[in-house]
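Enquirer: Just dropping this structure here.
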Amino acid sequence: MQKEMAYSFPDEVLKHVFSFIQSDKDRNAVSLVCKSWYEIERWCRRKVFIGNCYAVSPRMVIRRFPEVRSIELKGKPHFADFNLVPDGWGGYVLQWIAEMAGAYPWLGEIRLKRMVVTDESLELIAKSFKNFKVLVLFSCEGFSTDGLAAIAASCKNLRELDLRESEVDDLSGHWLAQFPETCTSLVSLNISCLGSDEVSFSALERLVDRCPNLRSLQLNRAVTLDKIANILRRAPQLVDFGTGNYAAELQPDVFSNLAGAFSSCKELKSLSGFWDVVPAYLPALYSICPRLTSLNLSYATIQSPDLIKLVSHCPRLQRLLVLDYVEDSGLEELASSCKDLQELRVFPSDPFGVEPNVSLTEQGLVAVSLGCPKLQSVLYFCRRMSNAALVTIAQNCPNLTRFRLCIIEPKTPDYLTLDPLDAGFGAIVEHCKDLRRLSLSGLLTDHVFEYIGTYGKKLEMLSVAFAGDSDLGLHHVLSGCESLRKLEIRDCPFGDKALLANAAKLETMRSLWMSSCAVSFGACKLLGQKMPKLNVEVIDETEPPDSRPESYPVDKLYIYRSVAGPRFDMPPFVWSMDEAVKILH
Amino acid sequence: MSEASSYLAETELELGLGLSIGGPTGKINKASGRILTAKDFPVPRRASMNGGTPPSVTVSGTKRAADQSVPHDGGSPTATSQVVGWPPIRSYRMNSLVNNNQAKAPRAEEEHKGINEEEEEEEEDKAIKDGSKQKKPNENLGHIGFIKVNMDGIRIGRKVDLNAHSSYHSLASALENMFLRSAGAEKQQLTMPSKLLDGSSEFVLTYEDKEGDWMLVGDVPWMMFLTSVRRLRIMKTSEVNGLAPRFHERNRTQRSKLI
Chain A
0 MQKEMAYSFP DEVLKHVFSF IQSDKDRNAV SLVCKSWYEI ERWCRRKVFI GNCYAVSPRM
60 VIRRFPEVRS IELKGKPHFA DFNLVPDGWG GYVLQWIAEM AGAYPWLGEI RLKRMVVTDE
120 SLELIAKSFK NFKVLVLFSC EGFSTDGLAA IAASCKNLRE LDLRESEVDD LSGHWLAQFP
180 ETCTSLVSLN ISCLGSDEVS FSALERLVDR CPNLRSLQLN RAVTLDKIAN ILRRAPQLVD
240 FGTGNYAAEL QPDVFSNLAG AFSSCKELKS LSGFWDVVPA YLPALYSICP RLTSLNLSYA
300 TIQSPDLIKL VSHCPRLQRL LVLDYVEDSG LEELASSCKD LQELRVFPSD PFGVEPNVSL
360 TEQGLVAVSL GCPKLQSVLY FCRRMSNAAL VTIAQNCPNL TRFRLCIIEP KTPDYLTLDP
420 LDAGFGAIVE HCKDLRRLSL SGLLTDHVFE YIGTYGKKLE MLSVAFAGDS DLGLHHVLSG
480 CESLRKLEIR DCPFGDKALL ANAAKLETMR SLWMSSCAVS FGACKLLGQK MPKLNVEVID
540 ETEPPDSRPE SYPVDKLYIY RSVAGPRFDM PPFVWSMDEA VKILH
Chain B
0 MSEASSYLAE TELELGLGLS IGGPTGKINK ASGRILTAKD FPVPRRASMN GGTPPSVTVS
60 GTKRAADQSV PHDGGSPTAT SQVVGWPPIR SYRMNSLVNN NQAKAPRAEE EHKGINEEEE
120 EEEEDKAIKD GSKQKKPNEN LGHIGFIKVN MDGIRIGRKV DLNAHSSYHS LASALENMFL
180 RSAGAEKQQL TMPSKLLDGS SEFVLTYEDK EGDWMLVGDV PWMMFLTSVR RLRIMKTSEV
240 NGLAPRFHER NRTQRSKLI
């Protein structure tokens, strides 16, 4: 037997080489080469990403990677965004912070998504990490402005504070004044989620004044239009800006002041905010529009003619988020003006109206697919669709990586032929070979899943609602989609068979969510028994699942792989199917 | 008005405030509010499908038995609006939409009130079929958004989706579960008995209405409540003095039970 390594480098050399390897996947691959590489790599890994906070325990992470400086954690399942996950389900970050406080004194970055963060957690962060630089709380909840005050006061070198789409309890408006006068390091501040009384504007102005490196600033809705000019003049170096309220009585001096302030921002590439827009103030943006690459107007209730005018000034636009007031006509204009467009999201202005309130149909999306060859990412809410349109879109945009279509009424068929939309979505997966994310809607049979299983080889995330006929549908997906990591299903007639037949597949995925389907309690128990590396959790808010016969379907089911075993912070309405836990229950 | 008072009289006998009401038929709902899904609604347009098997599975079980009547307001039911979490729009965005649809609250930025009215006139002149500006019959039945709930003595509020409930009883149960059983790192000892709404517990459920007044929950028919509620507060019974006078004529002796 040959000696394993005829050539070997000293550890320091390997460490140096590894420092150039940043991606998690590559780092993981490096650690599998041999024991000594595993050892060296684990000591020099600085960044850890944990896609499911329950897949591993803090202790395990700390044990393996003792020198982490940056951590990212995700908590609740994606469907929590749509209120399908009851309050109190979990996703608490406190234990992580507590353990890391002891183990990682040099931790500098914490990024959390869909987690419950308490003031206690924030206070602990503030006092435990002397070199704390980045705090991103994306869609988190559970904390108040008191916690923010602690962060502001203690983190002397804070670079990033991003609270996007989080829920913050407003207790006092003065937390922003807690940033010491010596704090000049801010690069990014996103407080767009805060309510009315939560920000002291003068403190904000002074903060902006003394942070010359501020590149990204998102204000909250309460900040009025007349204040924007003041802020912009203090930060002409901004690259990314979110307005507050964009409404005011039209006054020429306010307008010209605003227009002047915008035009002094030569680096500005990205705009957002725009709550309550008065269209007459939109021309104040015209001077920067030629440079804009990203525009988020998805809260702006402006109508198509004004949107068309604005968009026609933005030839470099790569990313547009907008309400369906844009209408087909606005999207046609977009298609002809913005040839660099990569991402489009169209949200519904009146999602619960029975009749359409705007003229936005599949035609708008078809037009964009035709005119924008670089289109990669689509999120589109509409009220009607046809297979023909989907086929056209698929053929026009073979580079799509994310395609999420929401036809508002569940089970809506092709409006021209009344057929299911199987063929249309089939064309999408067939033509778009790099498709990583797909959300389905409309009337769909098991056939669409056959297409997805056959062609969706790079598909990582699939969202399904009100679709399919039988277990065969689920089986196609679980057996065919090789790259599948996240699968979320609601209101589909999928039961035990496909799930149990593909149990092993679940260990290769991050998670599976099924609600209002037909999976029986017995099958859940069986899965929990047979698959120790999976956490099988049943959610039922009305009564314990074992108070009914085993053949009864469970309300909600969340299955995820984990090396940490069942979690111990489950609320009363979540039952773990793990054998050991059941005995204790 | 007389309809409202007879409706309340029926249930008042049972539970004091008459809050454990089941839907407009007056039935007492024993099960907690059931979350309705699209299975409860027939598909409006059914294409002839290859498989032949119906797309949805009818599951029977106490939880899903279709005995709960859905309160419709006479007009065509907004089927989509009754399905939880559909269309899939984040609550963050939903609340922004709701703010656009509802009348601005009196204590919101006063200086913008004038502007918004102006804006609304402009839009109406353009004769746009904008559901958010015109009052359609089912407008606010669609979606109220997620309402904040605070409980005296508990720092962090919660949010409840009123759309997921079709009765006071179901809402009350949900709130009891929410505040009675907090879990995880924030375990709190709550000694709140289960009857939150009948006046026998030390807490009372109140709400702030569109005019900014705080009212006792349960006064008005459920649908009317939905159109005027802005947020909820579980208040200590001892602090109930000073609530706004009831919306309609009430038997004063009932009221004195609480105060």
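Just so you know, the protein sequences line up as chains A and B, in that order. Read the first sequence against numbering that gives the first Met the number 0 and you will find it ends at 584, with the numbers running on by one and no gaps. Read the second sequence against numbering that gives the first Met the number 0 and you will find it ends at 258, with the numbers running on by one and no gaps. Positions of the beta carbon are idealized from the N, C-alpha and C atoms, including for glycine.
1) Which partner residues does Arg438(A) have in the DSSP bridge list?
2) Given this structure, state the Cα-to-Cα distance separating Met576(A) from Val12(A), to the nearest angstrom.
3) Tell me which residues of the segment 518 to 546 of chain A have at least one Cβ-Cβ distance to chain B shorter than 8 Å, keeping chain order.
4) Assess contact between the segment 308 to 318 of chain A and the segment 346 to 366 of chain A, defined as three or more Cβ pairs (one per stretch) separated by less than 8 Å. Is contact present?
5) Drop a sphere of 10 angstroms on the beta-carbon of Cys210(A), count the other beta-carbons inside from all chains shown, and report buried for 16 or more, exposed for fewer.
6) Kindly say whether Asp160(B), judged by its beta-carbon, lies nearer than 8 Å to any beta-carbon of chain A.
7) So Ser510(A) packs on Lys532(A), CB below 8 Å; how close in whole Å?
8) Residues in its own chain within less than 7 Å of Ser589(A) by CB, not counting five upstream and five downstream?
9) Using a C-beta cutoff of 8 Å, does Tyr91(B) count as contacting chain A?
10) With 8 Å as the C-beta to C-beta threshold (strictly closer), list the residues of the segment 84 to 103 of chain A near chain B in chain order.
11) According to the Cβ coordinates, are Leu434(A) and Leu471(A) closer than 8 Å?
12) Are the C-beta atoms of Ile20(A) and some chain E residue less than 8 Å apart?
13) At least one CB of chain B closer than 8 Å to the CB of Ile227(A): is that the case?
14) In terms of residues, what are the limits of the beta strand (DSSP E) holding Thr205(B)?
15) Just checking: is the beta-carbon of Trp85(B) within a distance shorter than 8 Å of some beta-carbon in chain A?
16) Got a sec: is the Cβ-Cβ distance from Gly152(B) to anything in chain A below 8 Å?
17) Can you say whether Val16(A) is buried or exposed, counting buried as having 16 or more other CB atoms within 10 angstroms of its CB?
18) Mind checking Lys235(B): buried by the 16 CB within 10 Å criterion, or exposed?
19) Buried or exposed, going by whether 16 or more other CB atoms sit within 10 Å of the CB of Arg566(A)?
20) Distance, Cα to Cα, Asp549(A) vs Val82(B)?
21) Classify Ser165(B): buried if its beta carbon has 16 or more other beta carbons within 10 angstroms, exposed otherwise.
22) Which residues of chain A have a Cβ atom closer than 8 Å to the Cβ of Arg157(B), listed in chain order?
23) Shortest alpha-carbon distance to Lys126(A) belongs to which of Phe402(A), Arg41(A), Tyr103(A), Cys396(A)?
24) What's the C-alpha gap between Arg290(A) and Ala299(A)?
25) Thinking C-alpha only, which one of Ala387(A), Val277(A), Leu458(A) is nearest Gln250(A)?
26) Tell me the residue span of the alpha helix (DSSP H) that contains Trp42(A).
27) Would a check of beta-carbon distances place Ala426(A) closer than 8 Å to chain B?
28) Applying the 10 Å Cβ sphere with the 16-neighbour rule, what's the burial state of Lys26(B)?
29) According to DSSP, simplified to helix, strand and coil, what is Gly243(A)?
30) I'd like to check one pair, Ala246(A) with Leu224(A): are the Cβ atoms closer than 8 Å?
31) Which first and last residues belong to the alpha helix (DSSP H) in which Ser127(A) is found?
32) Closest Cβ-Cβ distance between Ser169(B) and chain A: below 8 Å?
33) From Leu170(B) to Gly211(B), what does the alpha carbon distance come to, in whole angstroms?
34) Could you check the C-alpha separation between Ile427(A) and Ile392(A) for me, to the nearest Å?
35) So, helix, strand or coil for Val367(A), using DSSP?
36) Would you say Leu322(A) and Ser348(A) are within 8 Å of each other, going by their C-beta atoms?
Expert: Quick answer:
1) Within the first sequence, numbered from 1, the residue matching residue 438(A) stands at position 439. Before going on, a small fix: residue 438(A) reads as Ser here, not Arg. Paired residue(s): Arg403(A), Ser462(A).
2) To locate residue 576(A), count along the first sequence from 1; it is residue 577. To locate residue 12(A), count along the first sequence from 1; it is residue 13. Near 47 Å, if we compare the C-alpha coordinates of Val12(A) and Met576(A).
3) Glu540, Thr541, Glu542
4) no
5) Locating residue 210(A) in the first sequence gives position 211, where the first residue counts as 1. Flag for Cys210(A) reads buried.
6) Position 161 of the second sequence holds residue 160(B). By this cut-off, Asp160(B) is an interface position.
7) By one-based count along the first sequence, residue 510(A) stands at place 511. By one-based count along the first sequence, residue 532(A) stands at place 533. The pair is not a contact, with the Cβ atoms about 13 Å apart (cut-off 8 Å).
8) Given that chain A is displayed from residue 0 to residue 584, the structure contains no residue 589(A) and the question cannot be resolved.
9) Here residue 91(B) refers to the residue found at position 92 of the second sequence. Yes, Tyr91(B) lies at the interface with chain A (some Cβ there is under 8 Å from its Cβ).
10) Asp86, Gly87, Gly89, Tyr91, Leu93, Gln94
11) In the first sequence, counting from the first residue as 1, residue 434(A) sits at position 435. In the first sequence, counting from the first residue as 1, residue 471(A) sits at position 472. Contact flag unset, no.
12) Of the protein chains in the structure, A and B, none is chain E.
13) Along the first sequence, read from residue 1 onward, the residue named residue 227(A) stands at position 228. Closer than 8 Å: no.
14) Looking up residue 205(B) in the second sequence gives position 206. 202 to 208 is the extent of the beta strand (DSSP E) around Thr205(B).
15) Indexing the second sequence from 1 puts residue 85(B) at position 86. It does; some Cβ of chain A falls within 8 Å.
16) As a first step, residue 152(B) must be located in the second sequence, where it is residue number 153. No, no contact with chain A.
17) Indexing the first sequence from 1 puts residue 16(A) at position 17. Answer is exposed; the Cβ neighbour count stays below 16.
18) Here residue 235(B) is taken as the residue at index 236 of the second sequence, counted from 1. With fewer than 16 Cβ atoms within 10 Å of its Cβ, Lys235(B) is classed as exposed.
19) Reading the first sequence from its first residue, position 567 is the one you call residue 566(A). So Arg566(A) counts as buried.
20) Taking the first residue of the first sequence as 1, we reach residue 549(A) at position 550. Taking the first residue of the second sequence as 1, we reach residue 82(B) at position 83. The sequence shown places Glu at residue 549(A), rather than the Asp named in the question. Using only the alpha carbons, I get a separation of about 27 Å.
21) As a working note, residue 165(B) is residue 166 in the second sequence. So Ser165(B) ends up on the buried side.
22) In the second sequence, counting from the first residue as 1, residue 157(B) sits at position 158. Here the neighbours are Asp86.
23) To locate residue 126(A), count along the first sequence from 1; it is residue 127. Of the listed residues, the one whose Cα sits closest to Lys126(A) is Tyr103(A).
24) Taking the first residue of the first sequence as position 1, residue 290(A) is located at position 291. Taking the first residue of the first sequence as position 1, residue 299(A) is located at position 300. One C-alpha to the other measures close to 21 Å.
25) Taking the first residue of the first sequence as 1, we reach residue 250(A) at position 251. Per the Cα distances, Val277(A).
26) For this step, residue 42(A) is matched to residue 43 along the first sequence. Where Trp42(A) is concerned, the enclosing alpha helix (DSSP H) stretches over 34 to 43.
27) Within the first sequence, numbered from 1, the residue matching residue 426(A) stands at position 427. Closer than 8 Å: no.
28) In the second sequence, residue 26(B) corresponds to position 27, counting from 1. Any reading at Lys26(B) needs caution, since the residue's pLDDT is 35, under 50, leaving its predicted position unreliable; the model's value is listed next. The residue in question, Lys26(B), is exposed, as its Cβ has fewer than 16 Cβ neighbours within 10 Å.
29) The count along the first sequence starts at 1 and reaches residue 243(A) at position 244. Correct three-state label for Gly243(A): coil.
30) In the first sequence, residue 224(A) corresponds to position 225, counting from 1. In the first sequence, residue 246(A) corresponds to position 247, counting from 1. It is a contact, given that the beta carbons lie within the stated cut-off.
31) Here residue 127(A) is taken as the residue at index 128 of the first sequence, counted from 1. Run containing Ser127(A): 118 to 127, per the alpha helix (DSSP H) assignment.
32) Along the second sequence, read from residue 1 onward, the residue named residue 169(B) stands at position 170. Cβ-Cβ to chain A under 8 Å: no for Ser169(B).
33) Position 171 of the second sequence holds residue 170(B). Position 212 of the second sequence holds residue 211(B). Distance between the alpha carbons of Leu170(B) and Gly211(B) is about 21 Å.
34) On the first sequence, position 428 is the one that residue 427(A) refers to. On the first sequence, position 393 is the one that residue 392(A) refers to. If you take the alpha carbons of Ile427(A) and Ile392(A), they lie about 8 Å apart.
35) Translated into the one-based positions of the first sequence, residue 367(A) becomes position 368. Here Val367(A) sits in helix by DSSP.
36) For this step, residue 322(A) is matched to residue 323 along the first sequence. For this step, residue 348(A) is matched to residue 349 along the first sequence. Against a cut-off of 8 Å, the Cβ pair of Ser348(A) and Leu322(A) comes out as a contact.
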